[in-house]
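The structure under discussion appears below in the form of structure tokens.
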Amino acid sequence: MTMMNSIPCMIMRGGTSRGPFLRMRDLPDNQAAQAEILISLMGSGHALQVDGIGGGDPLTSKVAIVERSSHPEADVDYLFAQVDVLNRRVDFNPNCGNMLSAVGPYALETGLVELQEGMTTVRVRNLNTQRLIECHVPTPGGQVAYEGDTTISGVPGCAAGIQLGFLDIVGTKTDALLPTGNAIDTMDGLQVTCLDAATPIMMVNAADLGLSGRESPAELDAHPAMLERLESIRREAGLRMGLGDVSQSVLPKPVLVSAPFDDDSTLCTRYFVPHRCHKAIAVTGAIAVATAVSVPGTVANRIAVEAGKLEADGQLSQVRLEHPSGVIDLNVEHRNGNPVDIARVSLIRTARKIMSGTIFYSLPSAPGQDMLTSRAS
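As structure tokens, this is what we get:
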């Protein structure tokens with residue numbers, strides 16, 4: 034027997050992702066109970082998520098949970114949830130910078146933050162990483178502006194630009210920029226960089242896997258031997274980074290790096306989520322790669338130096354990363370010229386309000402035993 038329930042919901046596109054935005058106050062305090070609700074409303078357990086609002090893809094099976102913050106430097110708290118498409122699993126470990134793009138507009142639309150004339154800054158505490166982000170939202174006439182002339186790769190059309198400033202990004206899950214203590218580690222005969230900036234990633238030179246690095250997501254997803262090897266390395270990287278057994282977690286995220294195709298770009302990337310190739314790149318993943326460019330000896334740094342994008346001991350503040358849908362531009366601010374001391378990483382995203390109303394979900398009278406939850410740390 035199931036019980037039908039409902040809660041207020043706003044569906045929004047944030048960057049290259051989309052999903053429901055919910056108030057924390059409308060959900061139970063217990064995270065396992067929250068996960069049951071999210072699984073139901075997204076329709077997980079079916080490839081099309083036909084019984085919910087998920088889009089049958091990791092990029093459209095995401096949830097943002099927002100509430101007023103008690104933190105003295107934040108206006109709102111934001112908890113991100115990655116809801117598995119095929120399995121009854123919710124991962125509260127990672128942050129999502131793309132969904133974050135819509136947190137500011139959502140907070141303003143729902144009255145969590147007071148609208149200002151011209152531009153409103155919404156200070157966000159991400160509960161997944163316990164880090165702060167500043168979201169600068171255009172609010173001409175005291176209203177959230179969604180229409181504008183900003184384009185981002187992976188999203189059709191133009192929209193209003195929202196500037197995100199990520200603060201204190203180092204060691205979000207491991208307390209270290211290089212959690213293993215090395216810029217390069219050897220795993221399964223490959224040189225791997227394990228780095229934690231905005232999110233933990235493990236980077237591999239695409240050429241070391243016999244790839245050009247410019248393969249499409251479909252081509253990479255149809256390469257089972259490569260995916261299996263990458264997952265094996267990812268699990269080993271998780272252990273060495275102090276994350277433990279990551280077989281049921283999406284962290285760390287694998288990234289393939291190669292020399293750029295365009296002279297105006299810094300690197301070419303293929304980002305995994307973690308078992309399928311992202312059709313663009315996650316904001317947090319892009320921040321991690323952009324940070325790695327200036328860290329001596331990392332996979333990203335070595336390729337950038339070889340490609341003539343910076344001097345061997347140099348630093349790069351303006352980083353452009355190629356991905357399957359285009360490019361993403363990031364500004365990396367280093368303190369006192371120190372490549373491993375990052376003050377802020379900024380970038381421009383867009384968002385759109387799609388619908389606002391009531392969303393319905395059903396719960397079994399007894400919680401399912403097959404549901405898996407990875408808690409936010």
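Per this note's numbering, the sequence shown starts with residue 34, numbered consecutively. Ideal placement from N, C-alpha and C gives every residue a C-beta, glycine not left out.
Of the listed residues the options, nearest to residue i (C-alpha basis)
i: D374; options: D201, I98, G390, A66; result: D201
i: R309; options: L349, M274, E261, A321; result: E261
i: E142; options: V155, D346, S395; result: V155
i: A425; options: A209, S280, D221; result: Summary: the structure shown does not reach residue 425, with the chain confined to residues 34 through 410, and so no result is reported for it.
i: G198; options: T205, G174, I166, S103; result: I166
i: M132; options: V146, C191, A114; result: A114
i: R303; options: G347, G246, T324, P285; result: G246
i: P329; options: A216, N159, P307, R158; result: A216
i: L112; options: G76, L148, P287, N159; result: N159
i: D346; options: V360, H356, P372, E366; result: P372
i: Q196; options: V157, T162, T205; result: V157
i: N63; options: F125, G76, M75; result: F125
i: G204; options: D59, K312, P250, Q163; result: Q163
i: E252; options: Q351, E150, H311, D59; result: H311
i: P61; options: G76, S39, S77, G78; result: S39
i: R58; options: V99, A80, N120; result: V99
i: V352; options: V237, D295, A66; result: D295
i: N334; options: A65, A292, G370; result: A292
i: Y179; options: G48, T391, I361, G370; result: G48
i: N161; options: A258, M75, T207; result: T207
i: H79; options: N120, L211, S103, V365; result: N120
i: V237; options: P250, M259, E147; result: M259
i: V415; options: A66, M75, A193; result: With the chain running from 34 to 410 in the structure shown, residue 415 is simply not present.
For residue i: DSSP bridge partner residues
i: K95; result: Q115
i: L170; result: For the sequence presented, residue 170 should be read as Val rather than Leu. DSSP, once it has assigned bridges, lists T153 as partnering V170.
i: T391; result: P41
i: D110; result: E100, R158
i: N364; result: Q351, S379
i: I195; result: R382
i: T207; result: DSSP, once it has assigned bridges, lists no residue as partnering T207.
i: T183; result: A192
i: K286; result: I234
i: R46; result: R51, R385
i: C227; result: M235
i: L165; result: R158
i: R121; result: Paired residue(s): none; R121 is not in a bridge.
i: H356; result: G359
i: R56; result: V99
i: L300; result: L354
i: C310; result: F305
Residue i CB to nearest heavy atom of the ligand FMN below 7 angstroms
i: G187; result: For the ligand FMN, the structure offers nothing, since it holds no ligand at all.
Same chain, Cβ closer than 7 angstroms to residue i, neighbours up to 5 away in sequence not counted
i: D241; result: L223, Q224
i: D182; result: C191
i: A270; result: M220, V225, C227, M235, P285
i: T37; result: Residue identity differs from the one stated: residue 37 is Met in this sequence, not Thr. Excluding positions up to five away in sequence, the list reads F393, S395.
i: P307; result: R267, V283, K286, P287
i: T213; result: C227, R273, M274
i: D218; result: V225, C227, R273
i: D297; result: R353
CB-CB length for residue i against residue j, believed under 8 angstroms
i: L380; j: V316; result: 7 angstroms
i: M388; j: I44; result: 5 angstroms
i: A376; j: R368; result: 5 angstroms
i: F305; j: L263; result: 7 angstroms
i: L145; j: V109; result: 5 angstroms
i: P127; j: M152; result: Rounded, the Cβ-Cβ distance is 29 angstroms, inconsistent with contact.
i: V378; j: T331; result: Wrong, their Cβ atoms sit about 16 angstroms apart, outside the cutoff.
i: H256; j: A313; result: The Cβ separation is near 19 angstroms, so there is no contact.
i: A384; j: S134; result: 5 angstroms
i: V116; j: S73; result: Not confirmed; about 10 angstroms, so no contact.
Beta-carbon contacts of residue i that lie in its chain and below 8 angstroms, excluding the five residues immediately before and after
i: A337; result: T299, L300, V326, L343, L349
i: S50; result: L92, T93, K95, C129, N131, M132
i: S280; result: R268
i: R101; result: D108, V109, D110, L145
i: Q149; result: T172, G175
i: T391; result: S39, I40, P41, C42
Nonlocal neighbours in the same chain, by C-beta distance under 6 angstroms from residue i, ignoring five residues either side
i: K386; result: M45
i: G359; result: S186
i: G52; result: K95, V96
i: A239; result: G246, L289, S291
i: E366; result: A376, R377
> Is there contact here, the segment 78–86 with the segment 131–140, by at least three beta-carbon pairs under 8 angstroms?
Replying inline: By the Cβ test, the segment 78–86 is not in contact with the segment 131–140, since fewer than three Cβ pairs between them sit closer than 8 angstroms.
>> Measuring CB atoms only, is the segment 324–341 touching the segment 270–280, in the sense that at least three cross pairs come out at less than 8 angstroms?
In response: no
>> If contact is defined by three or more beta carbon pairs under 8 angstroms, each pair taking one atom from either stretch, is the segment 88–96 in contact with the segment 163–180?
In response: The answer is no - the segment 88–96 does not touch the segment 163–180, with fewer than three Cβ pairs under 8 angstroms.
>> For the segment 181–189 against the segment 231–248, do three or more pairs of beta-carbon atoms, one drawn from each stretch, fall closer than 8 angstroms, so that the two count as touching?
In response: no
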